[in-house]
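Asks: Under this note's numbering, think of the first position of the sequence shown as 15, with each following residue one higher.
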Amino acid sequence: MASDAGLSFKVVDEDSVQRFIRSAAYNELIDFITHLNSSVVAVEMHPLDHFYSREDARRSGHAHSEQVENILLISRNVQNVLTLVKRMDKCIDLCPPIKQPTRFGNKGFQLFCDEYYKEIDESLPEILAQSGLKNLSEHTFQLGYYLKNSVGNRKRIDYGTGHELNFLLFLFCLNKLQFFGPPDHKHLVLVLYRQYLECVRRIQITYTVEPAGSRGAWGLDDFQFLVFLFGAAQLSYNTQIKTDDIEKKELLELWAPKYLYFDALKYISMLKHAPFHESSQMLYDISGVETWEKICSGLLKMYQAEIIQKRQILQHILFGKLIDF
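1. With 16 as the cutoff for other CB atoms within 10 Å, does residue 236 come out buried or exposed?
2. DSSP has residue 87 in a bridge; who is on the other side?
3. When DSSP labels each residue in this structure, what does residue 235 get in the three-state scheme?
4. Could you tell me if residue 8 is buried or exposed, where buried requires 16 or more neighbouring beta carbons within 10 angstroms of its beta carbon?
5. From the DSSP output, read off the bridge partner residues of residue 167.
6. If residue 221 sits next to residue 123, beta carbons under 8 Å apart, how far is it from one beta carbon to the other, in whole angstroms?
7. Which term fits residue 49, buried or exposed, when burial requires 16 or more other beta carbons within 10 angstroms of its beta carbon?
8. In its own chain, which residues sit with a C-beta less than 6 Å from the C-beta of residue 261, not counting the 5 before and 5 after it?
9. Following the continuous alpha helix (DSSP H) through residue 281, name the residue where it begins and the one where it ends.
10. Could you tell me the alpha carbon to alpha carbon distance between residue 102 and residue 275, rounded to whole angstroms?
11. Looking at the structure shown, is residue 252 part of a helix, part of a strand, or coil, going by DSSP?
12. Helix, strand or coil: which one does DSSP assign to residue 225?
13. For the segment 121-155, which segments carrying the alpha helix (DSSP H) assignment without a break, of at least 4 residues, lie completely within its bounds, in sequence order?
14. So residue 296 is in the alpha helix (DSSP H); what residue range does that whole segment cover?
15. Quick check: residue 155 and residue 18, are their CB atoms within less than 8 Å of each other?
16. Look at the Cβ atom of residue 89, then the Cβ atom of residue 339, and state whether they are nearer than 8 Å.
17. Just mark residue 319 as buried or exposed, buried being the case when its beta carbon has 16 or more other beta carbons within 10 Å.
18. Look at residue 270 and residue 277 and say whether their C-beta atoms are less than 8 Å apart.
19. Please list the terminal residues of the continuous alpha helix (DSSP H) segment that includes residue 36.
20. Taking only the alpha-carbon atoms, compute the straight-line gap between residue 34 and residue 190 and give it to the nearest angstrom.
21. What's the C-alpha gap between residue 114 and residue 127?
22. Whole angstroms are fine: how far does the CA of residue 86 sit from the CA of residue 267?
23. Okay, do the segment 155-166 and the segment 328-337 touch, 3+ Cβ pairs below 8 Å being the bar?
24. Please say whether residue 148 and residue 53 have beta carbons closer to each other than 8 Å?
25. To the nearest angstrom, how far is it from the Cα of residue 324 to the Cα of residue 29?
26. Going by the beta-carbon positions, is the gap between residue 26 and residue 331 smaller than 8 Å?
27. Applying the criterion that 16 or more other CB atoms from any shown protein chain within 10 Å of the CB defines a buried residue, is residue 22 buried or exposed?
28. CA-CA distance, residue 171 and residue 307?
Here you go:
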């Protein structure tokens, strides 16, 4: 039986932040991120609708396709979670923005949240049961909490890197439960996280959600962080694409379908019309770093310092059972 027993918001002051940083759970999370980074080095993206589980490949007649077998085949567990993440799109369709006097923070987002929360409550127990692993049901509440909070704050109608962290914790906990294995790791980034990214971008645009804790041009991005960390990992040891190529518009168009970093920059260029060095000063400065490996290493340190070591973010994270200290 899933419940919130033993779960609590444990980060209340700087002392509790430091205890978390020194904990085994913190080290496990950093190891998980590092493994995800390693899994996508030199792996290009493919259209999301080209991925199949083995079972779906058989049903669609692709079971013996070498391309599907070598590149586009995903596990059933990844496929099931992908389906649940994609249901955000259906919920957005069911909950269009409402007419209201204010431009930002459309309250249609709250209706979307209600609809998607129901999808999670109905589908997640079945997904866990289909894995065949024992005792997963007792973690349904905690897993569902992270996924629900990954779409933004229902009350404030905002979204930021803390919500993105909740999606990472959702994947981390499933991996810890052996729901995913090492062969799945590249798909956690290039399929599940990427689908999540597409959905939350649509949420941000549809409901004009406010950026939570944004530092504007002085921050990495208004909403996301992991797309740049994973994107830099993906490009590590790539001698064809230079770090300062991000300033060339024609290369954004060329590489965006294959690389997360360029996809993110293309998306920013669609939203912000000021010159890149003005609208995204930190990303512009990072382009001066010599190699993608150094960018990746620096971004991981920055992610720790700015996200998972920050009381303002950690105070909203539910701890216990799967992530405890």
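We put the beta carbon where it would ideally sit given N, CA and C, even for glycine.
Fair warning: this is a prediction, and the values are worked out from it, not measured in the lab.
Replies: Short version:
1. Taking every protein chain shown into account, the CB of residue 236 has 16 or more other CB atoms within 10 angstroms, so this residue is buried.
2. According to the DSSP secondary-structure assignment, residue 87 is paired through a beta bridge with 66.
3. Residue 235 falls in the coil class under three-state DSSP.
4. For the chain, the structure presents residues 15 to 339; residue 8 sits outside this window and is missing.
5. Beta-bridge partners of residue 167 (DSSP): 172.
6. Their Cβ separation, rounded to whole angstroms, is 4 Å, which keeps residue 221 and residue 123 in contact under 8 Å.
7. By the neighbour-count rule (16 or more Cβ atoms within 10 Å), residue 49 is not buried but exposed.
8. The answer is none, since no qualifying residue turns up.
9. From DSSP, the alpha helix (DSSP H) with residue 281 extends over 274-285.
10. Answer to the nearest angstrom: the Cα atoms are 23 Å apart.
11. Residue 252 sits in coil when the DSSP states are folded into three classes, being neither helix nor strand.
12. Assignment of residue 225 by DSSP, reduced to helix, strand and coil, places it in the strand class.
13. With a minimum length of 4 residues, the unbroken runs of alpha helix (DSSP H) contained wholly in the segment 121-155 fall at 122-144.
14. The continuous alpha helix (DSSP H) containing residue 296 extends over residues 295-300.
15. At a Cβ-Cβ threshold of 8 Å, residue 155 and residue 18 count as neighbours.
16. Contact check for residue 89 against residue 339 fails: the beta carbons are separated by 8 Å or more.
17. Burial call: exposed.
18. Contact check for residue 270 against residue 277 passes: the beta carbons are separated by less than 8 Å.
19. Under the DSSP assignment, residue 36 falls outside any alpha helix (DSSP H); it carries neither an H nor an E label.
20. Spanning the two alpha carbons is a distance of roughly 18 Å.
21. The alpha-carbon atoms of residue 114 and residue 127 are separated by roughly 18 Å.
22. Note on geometry: alpha-carbon atoms of residue 267 and residue 86 lie some 23 Å from one another.
23. Here the segment 155-166 makes contact with the segment 328-337; the two share three or more CB pairs at distances below 8 Å.
24. Contact flag unset, no.
25. Roughly 12 Å between the two C-alpha positions.
26. No. Outside cutoff.
27. Residue 22 is exposed by the Cβ-count criterion.
28. If you take the alpha carbons of residue 171 and residue 307, they lie about 36 Å apart.
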